[in-house]
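Note that the working numbering gives residue 104 to position 34 of the sequence shown, counting from 1, and the numbers run on in steps of one.
Just so you know, even glycine gets a beta-carbon here, dropped at the ideal spot from N, CA and C.
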Amino acid sequence: MNFKELGRTGLKVSEIGIGTEHLFDQTKDVVESVILSAIENGINYFDVLFSVQHYLEKLALPFKKYRDQLIITGHLGTTESQGKAKRNRSIKESRKAFLRILSVLKIDYVDILNIQYVKANEFEKVMNPKGLLDLAISFQDEGKARYLGLSTHDTSVAKQAIKSGKFNMIMFPINLANHGLMGRDELLTVCSKNKIGLVAIKPFAGGKLLKRNQTTQFAKYQTGGLSFKKKIPPDITPSQCIYYVKSFPEVSVVLMGVKNVEELNENLGYLTMQESELDYSPFIKIF
Ligand SMILES: NC(=O)c1ccc[n+]([C@@H]2O[C@H](COP(=O)([O-])OP(=O)(O)OC[C@H]3O[C@@H](n4cnc5c(N)ncnc54)[C@H](OP(=O)(O)O)[C@@H]3O)[C@@H](O)[C@H]2O)c1
71 MNFKELGRTG LKVSEIGIGT EHLFDQTKDV VESVILSAIE NGINYFDVLF SVQHYLEKLA
131 LPFKKYRDQL IITGHLGTTE SQGKAKRNRS IKESRKAFLR ILSVLKIDYV DILNIQYVKA
191 NEFEKVMNPK GLLDLAISFQ DEGKARYLGL STHDTSVAKQ AIKSGKFNMI MFPINLANHG
251 LMGRDELLTV CSKNKIGLVA IKPFAGGKLL KRNQTTQFAK YQTGGLSFKK KIPPDITPSQ
311 CIYYVKSFPE VSVVLMGVKN VEELNENLGY LTMQESELDY SPFIKIF
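Right, here's the structure in full:
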């Protein structure tokens, strides 16, 4: 596993990270085995997307055990509603939700506190006094968060966030399916010029790129703005998808989602593959 510096933070992050969205409904055994197996394979970057009790409980044991070796990102902007995650921008409820992440995971701080899924029409509100940014800064002042991040599926929001100088890290979808996305190259350049860590989310476009032989609808949130239908080639592999995202020097972490250890192991195959097996160039023409 290679490690990269996350922007100017000084944090050394594994080039592959684990997104935990698709572990939400898995059993405790499956979640624990994915996290432990990822750690054994050298992965140190983990994304904790939700503040839902049963999901956090499943992550708690391995996170507590290996806390010192891990870079953990927690999110602001969703809360729990009847066991499910719900987008919620209330400051009071977001405060409670983040404190629950810390207390259920039994950790004192997160390495990065991320303001989640910011849309263009709410960016100003997030940034205004008493908005989510102020809440994130207050947690940073209390030592509960080391660095701040923002995730979005909109290149213009990502660029504004970087230019504000308030964030150390940006999460944005980068995958073969958004190869032609307008503004994506410019975003990569802005990240690099400002030394901002880029965490590339959705390397498989939320799993759509791996629906081999199927005609699949890609949604804007999976591509950062493009919506289209495409027949997925029969021979595309997770390793090629990862290698494509990894090929951008601006990307610090490829944040992949898996739903079990079998998927994790298959995806980590890229580590031992020959260059020829990782060639993704035939798929660029398709997307
Ligand atoms: N939504 C947001 O706003 C947001 C913001 C910030 C961070 N994130 C983070 O980004 C992470 C990454 O996004 P993601 O998990 O949606 O996208 P992803 O990595 O593109 O897709 C993950 C999905 O791909 C499929 N997959 C993975 N490996 C496979 C394999 N070997 N064979 C077949 N299918 C395979 C699985 O879904 P199926 O098998 O079910 O098809 C898996 O759950 C999330 O987990 C989350 O932590 C999201």
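Minimum Cα-Cα distance from Arg254 among the listed residues Ser262, Lys263, Ile244 corresponds to Ile244. No Cβ-Cβ contact shorter than 9 Å links Thr143 with Phe168. When Cβ pairs closer than 8 Å are counted between the two stretches, the segment 206-225 is seen to touch the segment 179-196, the count reaching three or more. DSSP places Tyr115 inside the beta strand (DSSP E), whose first and last residues are 115-118. Annotation: the segment 175-247 contains the following complete segments of the beta strand (DSSP E) (minimum length 3 residues), in chain order: 180-185, 215-221, 239-243. For Val100, the enclosing alpha helix (DSSP H) starts and ends at 98-110. Taking Asn248 as the centre and dropping the five residues before and after it, the same chain places the C-beta of Arg254, Thr293, Gly294, Leu296 closer than 7 Å to its C-beta, in chain order. Per the C-alpha coordinates, the member of Lys214, Arg165, Asn238, Lys176 positioned closest to Val269 is Asn238.
In the three-state DSSP reduction, Ser173 falls in the helix class (H, G or I). In this chain, the alpha helix (DSSP H) harbouring Ala130 covers 123-135.
With 16 or more neighbouring CB atoms inside 10 Å of its own CB, Ile312 falls in the buried class. Contact between the segment 280-287 and the segment 317-327 is not established, with fewer than three Cβ pairs separated by less than 8 Å. Shown here, Ile271 sits in a strand according to DSSP, grouped into three states.
In this structure, the alpha-carbon of Ser103 lies about 13 Å from that of Ile88. DSSP lists Gly87, Ile271 as the beta-bridge partner residues of Leu325.
Just so you know, the alpha carbons of Met326 and Thr79 end up roughly 22 Å apart. Annotation for Thr293: no beta strand (DSSP E) segment contains it, though the alpha helix (DSSP H) segment containing it runs 290-293. The beta carbon of Arg216 sits closer than 6 Å to the beta carbons of Asp181 from its chain, once the five residues preceding and following it are set aside; these are given in chain order. Beta bridge pairing from DSSP links Gly253 with no other residue.
Residue side-chain check: Asn337 places its Cβ nearer than 8 Å to a non-hydrogen atom of ligand 1. In terms of side-chain proximity, the C-beta atom of Gln310 is found no nearer than 8 Å to any non-hydrogen atom of ligand 1.
The beta carbon of Glu256 sits closer than 8 Å to the beta carbons of Thr225, Lys229 from its chain, once the five residues preceding and following it are set aside; these are given in chain order.
Glu345 is classed as exposed because its beta carbon has fewer than 16 other beta carbons within 10 Å across all chains shown. Per the C-alpha coordinates, the member of Gly250, Phe353, Gly153, Gln152 positioned closest to Lys301 is Phe353.
Distance from the CA of Val118 to the CA of Arg170, rounded to the nearest whole angstrom, comes to 12 Å. CA-CA distance, Leu334 to His92, rounds to 12 Å. Boundaries cannot be given for Leu280, as no alpha helix (DSSP H) includes it and DSSP labels it neither H nor E. An exposed status is given to Ile356, since fewer than 16 other beta-carbon atoms sit within 10 Å of its beta-carbon.
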